Amino acid sequence: MSKERIITNKNLLYPELSYQIQGAIYAVANKYGQGLKEGIYQKALAEEFEKRGLQFEEQKRIKIYSFDTGKVLGTYVPDFVIEHKVILELKSTDFSTKQDVTQQ
20 MSKERIITNK
30 NLLYPELSYQ
40 IQGAIYAVAN
50 KYGQGLKEGI
60 YQKALAEEFE
70 KRGLQFEEQK
80 RIKIYSFDTG
90 KVLGTYVPDF
100 VIEHKVILEL
110 KSTDFSTKQD
120 VTQQ
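The numbers in the working numbering rise by one with no breaks, and the one at position 30 of the sequence shown is 49.
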């Protein structure tokens with residue numbers, strides 16, 4: 020048996036929405052293939068989300084506040100916020116590193 024972690028619907032907070040997002044990502048990957056810049060994939064994915072009727076915001080600025088003082092620590096700008104529920108960061112590489120996953 021593979022050491023890969025198997026993700027089931029029980030592991031997902033929004034299984035149906037996650038399934039729709041995955042479908043859109045695969046549709047874009049199949050249409051455009053590999054090797055393009057991240058911005059092109061982002062525009063293509065925005066078109067695909069629109070086509071599928073998903074509500075989304077691109078490059079939404081989200082303030083991050085200190086738990087202790089309430090002061091703004093910084094701003095996080097994800098590639099997409101989908102249906103006010105899922106944050107999506109795109110990566111256009113041959114493989115993902117640990118740094119990509121943690122966004123440091």
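We put the beta carbon where it would ideally sit given N, CA and C, even for glycine.
Source: prediction; values computed, not measured.
Cβ shell of residue i (< 8 Å), same chain only, five flanking positions each side left out
i: Ile106; result: Pro97, Phe99, Val100
i: Ala63; result: Val47, Lys50, Tyr51
i: Leu55; result: Ser111
Alpha-carbon spacing of residue i relative to residue j, whole angstroms
i: Tyr38; j: Ile83; result: 28 Å
i: Glu102; j: Glu77; result: 12 Å
i: Glu108; j: Val91; result: 22 Å
Beta-carbon proximity list for residue i, same chain, < 6 Å, skipping 5 on both sides
i: Gln74; result: Glu102
Buried or exposed (CB count within 10 angstroms, at least 16 for buried), residue i
i: Ile40; result: buried
i: Tyr95; result: exposed
i: Phe68; result: buried
7 Å CB neighbourhood of residue i in its chain, flanking five on each side removed
i: Gly93; result: Ile83
Could I get the ranges of all uninterrupted alpha helix (DSSP H) runs contained in the stretch 28-76, with 4 residues as the minimum, in chain order? For secondary structure counted as the alpha helix (DSSP H) over 4 or more consecutive residues, the stretch 28-76 holds these complete runs in sequence order: 34-51, 57-70.
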